[in-house]
Structure formats: structure tokens, C-alpha cells
Amino acid sequence: MIHIFTTGGTIEGLDYENDQGVTETNITIKDFLDSANVDFEYTIESIFKKDSRAITENDLELLVSKIIGTNATKVLITHGTFTMEATANYIGKLNIGKTIVLVGSFILGSSANTDAPFNLGYAISSLQFLKPDVYIAMNGKVFHWNNVSKNLETNKFEHNE
Numbered sequence: 001m002i003h004i005f006t007t008g009g010t011i012e013g014l015d016y017e018n019d020q021g022v023t024e025t026n027i028t029i030k031d032f033l034d035s036a037n038v039d040f041e042y043t044i045e046s047i048f049k050k051d052s053r054a055i056t057e058n059d060l061e062l063l064v065s066k067i068i069g070t071n072a073t074k075v076l077i078t079h080g081t082f083t084m085e086a087t088a089n090y091i092g093k094l095n096i097g098k099t100i101v102l103v104g105s106f107i108l109g110s111s112a113n114t115d116a117p118f119n120l121g122y123a124i125s126s127l128q129f130l131k132p133d134v135y136i137a138m139n140g141k142v143f144h145w146n147n148v149s150k151n152l153e154t155n156k157f158e159h160n161e
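Residues 1 to 161 (UniProt numbering) make up the sequence shown, in order.
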């Protein structure tokens, strides 16, 4: 079984334009999975719905307690891309002993040309084959938690040099 924890971000169709608050849409991670006709056991649990720039230490502690508390050994975390590598680093240093993959999207999940379904599918596929540790799966690549950074110029994740 895969336990999916959602934390917000554009992958869930949450728009944080001009820091004027959250504009919600009717898209959910379950919608993406249903449209893909997946056939594996999963649970989805919303931890919070935040722009990742607003995630606090308390939020991270709550997320970690949920990861530790689940019986699942495979955990997917949907997350905003702004601080995804910081969250992966935070969790990775704890050496929890589960396979944990963070995923998000650069284009709003409710947009017609979103990268959300591809990233989600790629992350779920990767999650099933990776060894226990913490990873980011974005745009067809997998990154280890201690070797990733977001390039703001290209809007892509990269391995650290």
C-alpha cells in the first residue's frame, strides 16, 4: 500500500497569486489517480493546504509524525515546489527507514497543460522501485534528498554539482 500525504501546492490546483491567499479549485490527487485507472492500494490524507513558502517547523513536525505513524513503508508527499528540497532535506536527515517520494508540479494542477498527472504517475512508479530513503521525483527525474536544488531560472530541479 502507498500512503499519500497532501500538503498543498500547485499540484493540487491551489493558486497563491500575489500572496493574496489561496484560490481553490475542484481538482484533487484522487481525481488524477481515478482518471489514470490505477490498480494499487492507496490512502490519501491531507495534512495541510499551504503554499510551500508558508510551511512552518510545526508543519514539518506534523508531517514527520504522520510518516512515522503510518504502517505503509511507501509514502508519497505532494508538495509545492518552492521549498520541496528543504522539506526533503528535513525528512531525509531523520533516516526514517521508509521509501518517501516528494512530488509537485510547476503548472497549476487545474490547468489544461499541467505537468501534475505526469509527475504524479512518475513519482508513484519510482516509489515502487526505490530503496528506503527520501527522494524528489519531478519531470522524469529522481533526485536524492541530499543532492537536489531547484533552478529558479529554468524552473527545474537539478542534481547539485
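Beta carbons: idealized from backbone N, C-alpha and C, even for Gly. Please read these numbers as outputs of a predicted model, since none were measured by experiment.
Within the same chain, and ignoring the five residues on either side of A116 in sequence, the residues whose Cβ sits closer than 6 Å to its Cβ are I11, S105, G109. Contact annotation, I77 with I100: C-beta distance approximately 7 Å; criterion of less than 8 Å satisfied. When C-alpha distances from I47 are compared across F40, E41, E161, T56, the shortest belongs to T56.
Within the model, the alpha-carbon separation for L102 versus A112 is close to 22 Å. Straight-line spacing of the CA atoms in I29 and V38 works out to 12 Å.
Of the residues E61, G80, E41, the one whose Cα lies closest to the Cα of T7 is G80. Counted as a single uninterrupted DSSP element, the beta strand (DSSP E) harbouring M138 occupies residues 133 to 138. Between the C-alpha atoms of D34 and A88 there is a straight-line separation of about 27 Å.
Residue pairing by DSSP places I96 opposite no residue, since no beta bridge is assigned to it. Collapsing the DSSP output to three states places N37 in coil. Measuring C-alpha to C-alpha distances from I4 to each of N58, A36, T70 identifies T70 as the nearest.
In this structure, the beta-carbon distance from N160 to N147 falls below 8 Å.
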